[in-house]
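Chemist: Below are the structure tokens for one structure; questions will follow.
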Amino acid sequence: MKRSFTVVVSAAIVAALSSSLSAQWPLRPQPGVPKGTNGKPNLTAPAPRKPDGKPDLSGIWMRTNRTEAPGSQPAGQPPLATFGNIGLGFKEGLPFQPWVADLLKKRANAYDNPDALCLPQGPLEYHLDPQPREIIQLPQKTVIVYESNYGIRTIYTDGRPLPPQGGPQPYWHGYSVGRWDGDTLVVTSNNFRGALTGQPGDGWLDGKGDPFTDALTLTERFRRVNFGKLQIDVTIDDSKAYTRPFTVRVEQEIVADGSEMIEFICHENQKFLQLTGRAPAP
Amino acid sequence: MKIRAVVVLVGIGLLLAARPIVAHHAFAAEFDADKPVKLTGPVTKFEWTNPHGWIYIDVKDETGKVVNWGFELAGASGLMRQGWTRFSLKAGDVVTIEGTRAKNGSNNANAATVIVASTGEKLFAGNNQGQ
Chain R
120 MKRSFTVVVS AAIVAALSSS LSAQWPLRPQ PGVPKGTNGK PNLTAPAPRK
170 PDGKPDLSGI WMRTNRTEAP GSQPAGQPPL ATFGNIGLGF KEGLPFQPWV
220 ADLLKKRANA YDNPDALCLP QGPLEYHLDP QPREIIQLPQ KTVIVYESNY
270 GIRTIYTDGR PLPPQGGPQP YWHGYSVGRW DGDTLVVTSN NFRGALTGQP
320 GDGWLDGKGD PFTDALTLTE RFRRVNFGKL QIDVTIDDSK AYTRPFTVRV
370 EQEIVADGSE MIEFICHENQ KFLQLTGRAP AP
Chain V
4 MKIRAVVVLV GIGLLLAARP IVAHHAFAAE FDADKPVKLT GPVTKFEWTN
54 PHGWIYIDVK DETGKVVNWG FELAGASGLM RQGWTRFSLK AGDVVTIEGT
104 RAKNGSNNAN AATVIVASTG EKLFAGNNQG Q
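If you want it as structure tokens, here you go:
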């Protein structure tokens, strides 16, 4: 499928479009993009670093669309997750607890997908949505702004401990703290709302409704492989929903063509409930 | 249905790579992949909105009665990345739209392609099955 922003427009068409293109959101080249000898962004240049020496994860990131056949990932690496199915790479499927089978049947109609309801997406939906997300790495916290459904997530990196499970009010995005392990930002999160609340939209990891519960401890290892590539290995540890922890990989690519995040107000013209018969047509 | 004539300006000349973009919503919950539709008619309304844009067109049925159909597009943000603008269509433009009909039997569908009759230009609609 797509690479970020791989829109193919012929030169003639661009010329024909010039008047309407001027009405679009303007391109504004990102600062600090390393250039190759051809003047184009050098995406394989080393990852930038902050003054403290840590890699700088800041930037606008798009998911890649690379997929793997189940079980075909290189030895020792977690399988790639997809937006629709984080368990795609597992030959035997995900290690569900028995009760999850009934939940997945109920979710097969996708009526309660938080994405469709304009509610905050699950943590892997946010990582894998085709819309971009912007990471803003600050000294005491890292903030991720997700264009899809306007999610905003704070990862505290000020040294505070992870609170006890069941302590803080459960959040859609959980409670996240981060620490550096060499050049990898390790983010641990708990206190999520989960599927067992019974509320529509709660506890979805992907488009098919693989669940998480309030027992979830999520570990994400963010590694900026080079200027252009971000790798996030995500471990789901949720004994209520799964018989063992498992890890999947997310790949993202930097946006370096000058395009930016675009406003996305999901309830602006939401017709999902009408189209699924749960709200009257106007 | 009350028809509001919205939208301004010019038809355009673009041919965009057919790539799914904004996989926003639960396609299978709303649309029946086994019910393709292909309809032609003048645009009555163009909603440049999120989470989806919508095109409404008037279509004559087999008895000659005019029926208004709605076609779901990708959201405005995704359409912008595809090269659309809010001026890409205007009321009165005749278009042919191919897509997939709503499961609920209403006169709605998810658009895959939109062809502007006067120019033959093809606009990719951002079918949201690409998840």
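Protein chains in written order, with the numbering used here: chain R, 120 to 401; chain V, 4 to 134. Glycine included, each C-beta is placed from N, C-alpha and C at the ideal position.
(1) Considering only residues of the same chain and omitting the five flanking positions on each side of Thr338(R), which have a CB-CB separation below 6 Å?
(2) Measuring CB atoms only, is the region 315-322 of chain R touching the region 246-258 of chain R, in the sense that at least three cross pairs come out at less than 8 Å?
(3) Please report whether the beta-carbon of Thr183(R) lies at a distance below 9 Å from any beta-carbon of chain V.
(4) Quick check on the burial criterion: 16 or more other C-beta atoms within 10 angstroms. Buried or exposed for Gln160(R)?
(5) Measure from the C-beta of Asn71(V) to each C-beta in chain R and report whether the shortest distance is under 9 Å.
(6) Report the neighbours of Thr52(V) on chain R: residues whose CB is nearer than 7 Å to its CB, in chain order.
(7) Going by Cα to Cα distance, which pick from Ile381(R), Leu199(R), Ser191(R) is closest to Thr150(V)?
(8) Can you check whether the CB of Tyr265(R) is closer than 9 Å to the CB of Ala29(V)?
(9) So, do the region 231-244 of chain R and the region 316-335 of chain R have three or more beta carbon pairs nearer to each other than 8 Å?
(10) To the nearest angstrom, how far is the alpha carbon of Leu146(R) from that of Lys225(R)?
(11) Is DSSP giving Thr316(R) helix, strand or coil here?
(12) For the region 362-394 of chain R, list every residue whose C-beta sits within 9 Å of some C-beta in chain V, in sequence order.
(13) What are the residues of the region 236-255 of chain R that lie near chain V, defined by any Cβ-Cβ distance shorter than 8 Å?
(14) Which class does Glu33(V) belong to by DSSP, given the choice of helix, strand or coil?
(15) Mind checking Val69(V): buried by the 16 CB within 10 Å criterion, or exposed?
(16) Using 9 Å as the limit for Cβ to Cβ distance, is Lys41(V) near chain R?
(17) Does the region 340-359 of chain R come within contact of the region 164-172 of chain R, defined as at least 3 CB pairs closer than 8 Å?
(18) Does any C-beta atom of chain R lie closer than 9 Å to the C-beta of Ala143(V)?
(19) Verify whether the separation of the beta carbon atoms of Lys359(R) and Thr332(R) is less than 9 Å.
(20) Can you tell which of Tyr59(V), Thr103(V), Pro39(V) has the C-alpha that lies nearest to the C-alpha of Lys48(V)?
(21) Is the separation between the beta-carbon of Gly293(R) and that of Asn268(R) shorter than 9 Å?
(22) Suppose the cutoff is 8 Å on Cβ atoms and the five residues either side in sequence are ignored; what does the same chain contact list for Asp175(R) look like?
(23) Taking all protein chains shown into account, decide if Pro150(R) is buried (16 or more other Cβ within 10 angstroms of its Cβ) or exposed.
(24) Let me check understanding here. Comparing Cα to Cα, which of Trp291(R), Glu379(R), Gly208(R), Gly203(R) lies closest to Pro148(R)?
(25) So Ala114(V) packs on Gly95(V), CB below 8 Å; how close in whole Å?
(26) Based on DSSP bridge pairs, tell me the residues matched to Gly178(R).
(27) Just to confirm the assignment, what range does the alpha helix (DSSP H) spanning Glu244(R) have?
Modeler: Looking at the coordinates:
(1) Thr307, Thr354
(2) no
(3) no
(4) Checking the sequence shown, residue 160(R) turns out to be Pro, not Gln. By the neighbour-count rule (16 or more Cβ atoms within 10 Å), Pro160(R) is buried.
(5) no
(6) Glu387, Asn388
(7) This structure cannot speak to residue 150(V), because chain V is shown only from 4 to 134.
(8) no
(9) yes
(10) 44 Å
(11) helix
(12) Ser378, Met380, Ile381, Glu382, Phe383, Ile384, Cys385, His386, Glu387, Asn388, Gln389, Lys390, Phe391, Gln393, Leu394
(13) Cys237, Asp248, Pro249, Gln250
(14) helix
(15) exposed
(16) no
(17) yes
(18) Past the boundaries of the shown model lies residue 143(V); chain V is included only from 4 to 134, so the question cannot be answered.
(19) yes
(20) Tyr59(V)
(21) no
(22) Ala166, Pro167, Arg168, Lys169, Gln256, Arg343
(23) exposed
(24) Glu379(R)
(25) Going by Cβ atoms, the distance from Ala114(V) to Gly95(V) rounds to 18 Å, so no, they are not a contact pair.
(26) Ile254(R)
(27) 242-247
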